[in-house]
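Below is one structure, written out as structure tokens, with a few remarks after it.
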Amino acid sequence: MTPDTDPTSGHPDRLRAAFTTQSVTMEDAALGMAFTAGLDWLVDVIQPRADDLAVDLAGGTGLVARHLAGRVRSIVVVDVTEAMLRAGRRAAAAAGLATVGFVCGDATGSPLPSAAFSLAVSRFAMHHVPDPGALFDELLRLTRPGGRIVVKDLVAADDETVAQRHDALEILRDDSHLLMLRPGEAARALIARGATVTRVARRDLDRPLEPWLEQARTPAGRADQVRRALEEELGGGPPTGLRPHRRDGQLWFRHAWEATAATR
513 MTPDTDPTSG HPDRLRAAFT TQSVTMEDAA LGMAFTAGLD WLVDVIQPRA
563 DDLAVDLAGG TGLVARHLAG RVRSIVVVDV TEAMLRAGRR AAAAAGLATV
613 GFVCGDATGS PLPSAAFSLA VSRFAMHHVP DPGALFDELL RLTRPGGRIV
663 VKDLVAADDE TVAQRHDALE ILRDDSHLLM LRPGEAARAL IARGATVTRV
713 ARRDLDRPLE PWLEQARTPA GRADQVRRAL EEELGGGPPT GLRPHRRDGQ
763 LWFRHAWEAT AATR
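Residue numbers (my numbering): 513 to 776.
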């Protein structure tokens, strides 16, 4: 591939730029519904324990970590975007959460010691990683034997043509997006690395289109392309994978989430 066609070319810079921008909007429930919704559902999948030493890879502002605080002994957030970490530290300090720590680092190769944690979590990170296998490897590396791993992310449609269209629209909305996991892919990756999968949970989330675009600060021309694709599907055009529909005259769509729990 040439730099013009390789989606990973320049990706680290795009990722930091995107999430520096989104550090302001991510915790706005009206804009970042996917980030703020479903936390209790995820906690149910995680099944945290009071003595857990936990880590959240690519944890952003620590939304998950702060929701787990009080349910685990301690949790460390690893993220590569300093603006995200600053926002998370401020929020944790304001809430008096002394057991939540923040470390700047690459989620696929963090500076943390091996086998240091009883619980490792990653949420909405795989579709931003050029090599998801490296993130699965890091989750396993950080987890002690007998520890637990939970991966939650968007999943694409089973139909590969539809999945590719969906990924293309996600990239238009946020150019740090690379490739969604396919259904069951997280379970297969964990099993291939010797983990035992204990649960796979699926959930759909209906979302209004405009706040989703606004949350990512999608440029106007790219946002128009996303709108047109969804409108065309509603008019009988090709499926986008976003399952568009209307509510009260507004354009909505539907994301699929998959959360996979495993033991090491």
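Note that CB positions come from ideal geometry on N, CA and C, so glycine has one too.
Remember, it's a predicted structure, so these values are computed and weren't measured experimentally.
In this structure, the alpha-carbon of residue 711 lies about 11 angstroms from that of residue 696. Residue 767 and residue 725 do not touch by the CB rule: their CB atoms are close to 14 angstroms apart, not below 8 angstroms. DSSP lists 616 as the bridge partner or partners of residue 591. Sequence-distant Cβ neighbours of residue 613 in its own chain, meaning closer than 6 angstroms and more than five residues away, are 588.
Under the 10 Å beta carbon count, residue 574 is surrounded by 16 or more other beta carbons and is classified as buried.
Taking the CA atoms as reference points, residue 601 sits about 44 angstroms from residue 750. Just measuring C-alpha positions, the residue of 620, 721, 754 and 672 sitting nearest residue 769 is 754. If you check the CB distance, residue 577 and residue 568 come in under 8 angstroms.
Rounded to whole angstroms, the separation of the alpha carbons of residue 739 and residue 591 is 31 angstroms. Boundaries of the alpha helix (DSSP H) around residue 648: 644 to 654.
DSSP places residue 689 in no beta strand (DSSP E); its state is neither H nor E. Rounded to the nearest whole angstrom, the C-alpha separation of residue 632 and residue 662 is 6 angstroms.
Excluding residues up to 5 positions away in sequence, 738, 739, 742, 756, 762, 763, 764 and 765 lie with their Cβ nearer than 8 angstroms to the Cβ of residue 721 in the same chain. Taking 8 angstroms as the cut-off, the Cβ atoms of residue 675 and residue 694 count as close. Fewer than three beta-carbon pairs drawn from the stretch 617 to 637 and the stretch 683 to 690 are found closer than 8 angstroms, and the two stretches are therefore not classed as touching. Within the same chain, Cβ atoms closer than 8 angstroms to the Cβ of residue 560 are found at 566, 580, 583, 584 and 631, the five residues on either side in sequence being excluded. Secondary structure note for residue 578: its alpha helix (DSSP H) is the uninterrupted segment 575 to 580. In the structure shown, residue 659 adopts extended strand secondary structure according to DSSP, grouped into three states. Sequence-distant Cβ neighbours of residue 549 in its own chain, meaning closer than 7 angstroms and more than five residues away, are 717.
By alpha-carbon distance to residue 731, the top candidate from 748, 685 and 595 is 685.
Here residue 634 is bridged, per DSSP, to 569 and 663. Remark: C-beta atoms of residue 746 and residue 664 do not approach each other more closely than 8 angstroms. Looking at the DSSP output, residue 553 sits in no beta bridge, so it has no partner there. Taking the C-beta atoms as reference points, residue 650 is found no nearer than 8 angstroms to residue 673.
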